[in-house]
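Going by my numbering, 235 is the number at position 235 of the sequence shown; the sequence numbering is gapless.
Heads up, the beta-carbon is just placed ideally off N, CA and C, and yes, glycines get one too.
First the structure, in the form of structure tokens, and then the observations on it.
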Amino acid sequence: MFYCLKLILFLLITVPAALLTVLLGLFDAHGKLAYRFSRSWTALILNMGGVALKVVGRENIDPSRQYVFMVNHQSNIDIPVLVQSLMNFQLRWIAKRELLWIPFFGWAMWASKHITLNRADPLDAVKSFQRARERIAAGISVVVFPEGTRSRDGKLLRFKKGGFFLAVQANRPIVPVTINGSRLALPAGAWRLRGGIIEVIISKPIAVEGFRPGNLRHLSAQVREAIESHLLNNGSQAPGTTPNPSEAIVGNNPLEKRSI
Numbered sequence: 001m002f003y004c005l006k007l008i009l010f011l012l013i014t015v016p017a018a019l020l021t022v023l024l025g026l027f028d029a030h031g032k033l034a035y036r037f038s039r040s041w042t043a044l045i046l047n048m049g050g051v052a053l054k055v056v057g058r059e060n061i062d063p064s065r066q067y068v069f070m071v072n073h074q075s076n077i078d079i080p081v082l083v084q085s086l087m088n089f090q091l092r093w094i095a096k097r098e099l100l101w102i103p104f105f106g107w108a109m110w111a112s113k114h115i116t117l118n119r120a121d122p123l124d125a126v127k128s129f130q131r132a133r134e135r136i137a138a139g140i141s142v143v144v145f146p147e148g149t150r151s152r153d154g155k156l157l158r159f160k161k162g163g164f165f166l167a168v169q170a171n172r173p174i175v176p177v178t179i180n181g182s183r184l185a186l187p188a189g190a191w192r193l194r195g196g197i198i199e200v201i202i203s204k205p206i207a208v209e210g211f212r213p214g215n216l217r218h219l220s221a222q223v224r225e226a227i228e229s230h231l232l233n234n235g236s237q238a239p240g241t242t243p244n245p246s247e248a249i250v251g252n253n254p255l256e257k258r259s260i
């Protein structure tokens, strides 16, 4: 019964919020206003789902700079998790175009000017990278899931080259980010959040100077090693609840902190 009431409340808030987000997107070339507004929606999703975030390593990144964030991908909840974990950044995803057809979520993606692509069309991929460079030039950071899809068992899949090509072409550092616990909070095929703690570990940026589009294997290996080194039981283990001075808890937790 309580879950049904929460679902009704969520829909009552989400429907008008989604419509307002679309309206904002009509008047903003880069979707910055719509993205700011959508942050509140992602916070609502996590809080109503009983999810708290444990964010480690914010001191490694500078909010005044633009990065290419590369993140392991295990769950549909990863995007709201990243929006809340990187609150000081304007973020845009490179994602498959089919996501635009998801009610509310897809509308917010369109309004915020996320970068979608048709994975079956190589020419469209080239256009998508051009749009990503335009976002970076406008002061926006880009998020890439280098595996290209969700991992069903939490183990890192083979990395695709596109995100590395973008980082080198745009000359922006890559920030490896590891997510632990999202697969437990929202497994594949599930729509109801189980709650709990999701850990986000932000590694130090990796410079791309000296790399060329035709030789990205070493760069990919560095990013993979950084992400993999922080995975707990293939990303499925729920982290501990005791923070230390280099950690921040965001969401359903008495320690409501936004910076470290």
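For Ala190 and Thr149, the rounded distance between their alpha carbons = What you label residue 149 is simply residue 149 of the sequence shown in a count that begins at 1. What you label residue 190 is simply residue 190 of the sequence shown in a count that begins at 1. Those two C-alpha atoms are separated by around 16 Å.
Enumerated in chain order, which unbroken segments of the beta strand (DSSP E) with a length of 3 residues or greater are wholly contained in the region 29 to 89?
-> 51 to 56 and 68 to 71
What is the DSSP secondary structure of Trp107, reduced to helix, strand or coil?
-> Taking the first residue of the sequence shown as 1, we reach residue 107 at position 107. If DSSP states are grouped into helix, strand and coil, Trp107 belongs with the helices.
What's the call for Gly49, buried or exposed, on a 16-neighbour Cβ count within 10 Å?
-> If you number the sequence shown from 1, residue 49 lands on position 49. Buried: at least 16 other Cβ atoms inside 10 Å.
Considering only residues of the same chain and omitting the five flanking positions on each side of Lys204, which have a CB-CB separation below 7 Å?
-> The sequence position of residue 204 within the sequence shown is 204, counting from 1. For Lys204, where only same-chain residues beyond five positions count, the Cβ hits under 7 Å are Asn60.
Along the alpha helix (DSSP H) that carries Pro122, what are the first and last residues, could you check?
-> Here residue 122 refers to the residue found at position 122 when the sequence shown is read from its first residue. Note, Pro122: alpha helix (DSSP H), Pro122 to Ala137.
Taking one C-beta from the region 109 to 118 and one from the region 28 to 41 each time, how about it: are there three or more such pairs within less than 8 Å?
-> yes
So is Asp121 buried or exposed if we call it buried at 16+ other beta carbons inside 10 Å?
-> Here residue 121 refers to the residue found at position 121 when the sequence shown is read from its first residue. Answer is exposed; the Cβ neighbour count stays below 16.
Who are the Cβ neighbours of Ile140 in its own chain at under 6 Å, not counting the five residues just before and after it?
-> Position 140 of the sequence shown holds residue 140. Hits under 6 Å: Gln90 and Arg92.
For Gly25, the three-state DSSP class (helix, strand or coil) = Counting from 1 along the sequence shown, the entry for residue 25 is found at position 25. Residue state, collapsed to three classes: helix.
Measure the C-alpha to C-alpha separation of His218 and Phe165 and round it to an integer number of angstroms.
-> The sequence position of residue 218 within the sequence shown is 218, counting from 1. The sequence position of residue 165 within the sequence shown is 165, counting from 1. In a straight line, the C-alpha of His218 is about 13 Å away from that of Phe165.
Reduced DSSP category for Ile174 - H, G, I as helix; E, B as strand; rest coil | On the sequence shown, position 174 is the one that residue 174 refers to. In the structure shown, Ile174 sits in a strand (DSSP, three-state: E or B).
Please classify Glu98: does DSSP put it in a helix, a strand, or coil?
-> Counting from one through the sequence shown, the residue named residue 98 turns up at place 98. DSSP places Glu98 in helix when its eight states are reduced to three.
If you count every other CB in all the chains shown that lies within 10 Å of the CB of Val15, and 16 or more means buried, which is it?
-> Counted from its first residue, the sequence shown places residue 15 at position 15. The residue is exposed, with fewer than 16 neighbouring Cβ atoms inside 10 Å.
Start-to-end residues for the beta strand (DSSP E) that takes in Leu117 | For the purposes of this step, residue 117 is taken as the residue at position 117 of the sequence shown. Start and end: Ile115 to Leu117.
Inter-stretch contact (C-beta, 8 Å, three-pair minimum) for the region 154 to 169 and the region 96 to 108 = no
Output the distance between the C-alpha atoms of Leu20 and Leu11, rounded to the nearest integer angstrom.
-> Here residue 20 refers to the residue found at position 20 when the sequence shown is read from its first residue. Here residue 11 refers to the residue found at position 11 when the sequence shown is read from its first residue. Those two C-alpha atoms are separated by around 14 Å.
Integer-rounded CB distance, given that Arg133 should sit under 8 Å from Leu117 = As a working mapping, residue 117 is identified with position 117 in the sequence shown. As a working mapping, residue 133 is identified with position 133 in the sequence shown. About 14 Å; that fails the 8 Å criterion.
Burial state of Gln66, where buried means 16 or more other Cβ atoms lie within 10 Å | One-based indexing of the sequence shown puts residue 66 at position 66. The residue in question, Gln66, is buried, as its Cβ has 16 or more Cβ neighbours within 10 Å.
Is Asn171 closer than 8 Å to Val126 when the C-beta atoms are compared?
-> Indexing the sequence shown from 1 puts residue 126 at position 126. Indexing the sequence shown from 1 puts residue 171 at position 171. The answer is no: Cβ separation not under 8 Å.
Go ahead and pull the three-state DSSP assignment for Ile140.
-> As a first step, residue 140 is located in the sequence shown; it is residue number 140 there, counting from the start. Ile140 falls in the coil class under three-state DSSP.
For the alpha helix (DSSP H) that Glu209 lies in, which residues bound it at each end?
-> The residue you call residue 209 lines up with position 209 of the sequence shown. Neither: Glu209 is in no alpha helix (DSSP H) and is coded neither H nor E.
Nearest-angstrom beta carbon gap, Val71 and Ile179 [assumed within contact, 8 Å] | Taking the sequence shown and counting its residues from 1, the one referred to as residue 179 is at position 179. Taking the sequence shown and counting its residues from 1, the one referred to as residue 71 is at position 71. 6 Å between Cβ atoms; contact.
Considering only residues of the same chain and omitting the five flanking positions on each side of Asn88, which have a CB-CB separation below 6 Å?
-> Position 88 of the sequence shown, counting from 1, holds the residue named residue 88. Taken in chain order, the residues that qualify are Pro63.
With distances taken Cα to Cα, identify the nearest neighbour of Val177 among Ala188, Phe159, Gly196 and Val200.
-> In the sequence shown, residue 177 corresponds to position 177, counting from 1. Among Ala188, Phe159, Gly196 and Val200, the Cα nearest to that of Val177 belongs to Val200.
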